[in-house]
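Data block below; observations after.
Numbering (the working numbering), first residue to last: 6 to 159.
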């Protein structure tokens, strides 16, 4: 506000050649730009110099939109998986085998489920072995002070 007073107020000088504070304040109060600056300064002083609180409504809208997009993506993934499994089961039921087509479709679904579960389990075991192998190569006791990137106190 002091900058505004020094740059935006013509005239109104006192006997010493400087501008009187009363005249400067009256002119600053009349200006709309000065009003917004005064309001911002009051808000800053009330918050202890901190900025205004974030707009939570916009954050909630963004979060809801992101959740909706993720929900649509998961639904598309599930729908694609179900459609693929049903396609394979339908094609398997058209095979000419010695048992009824319903048995072929059922066995196909059960086999696909079991093979998927087995692949998931093997992947989990592999990830655990990699993590154990990585931690065995560099145990915490073998680290030097250079590896830790220390932060010095001021």
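Where is the CB? At the ideal position from N, CA and C, for every residue including glycine.
Taking the alpha-carbon of residue i as reference, which of the options has the nearest alpha-carbon?
i	options	result
residue 120	69, 107 and 90	90
residue 87	42, 118, 38 and 75	118
residue 95	73, 140, 69 and 111	111
Is it buried or exposed for residue i, if we count other Cβ within 10 angstroms and need 16 for buried?
i	result
residue 82	exposed
residue 29	buried
residue 25	exposed
In whole angstroms, give me the CA-to-CA distance for residue i and residue j.
i	j	result
residue 80	residue 67	20 Å
residue 39	residue 73	44 Å
residue 139	residue 69	39 Å
residue 134	residue 116	27 Å
residue 102	residue 92	18 Å
residue 122	residue 62	42 Å
residue 75	residue 48	38 Å
residue 37	residue 43	10 Å
residue 105	residue 97	11 Å
residue 65	residue 137	40 Å
residue 128	residue 114	21 Å
residue 84	residue 131	29 Å
residue 34	residue 60	29 Å
residue 18	residue 71	Reliability of the predicted coordinates at residue 18 is poor, the pLDDT of 48 falling under 50, and the value obtained from them is presented with this limitation in mind. Their Cα atoms are separated by approximately 59 Å.
residue 78	residue 124	23 Å
residue 31	residue 51	23 Å
residue 45	residue 27	21 Å
residue 109	residue 126	26 Å
residue 99	residue 107	10 Å
**Study point:** Length-filtered (4 minimum) alpha helix (DSSP H) runs lying within the segment 72 to 142
**Key:** 106 to 142
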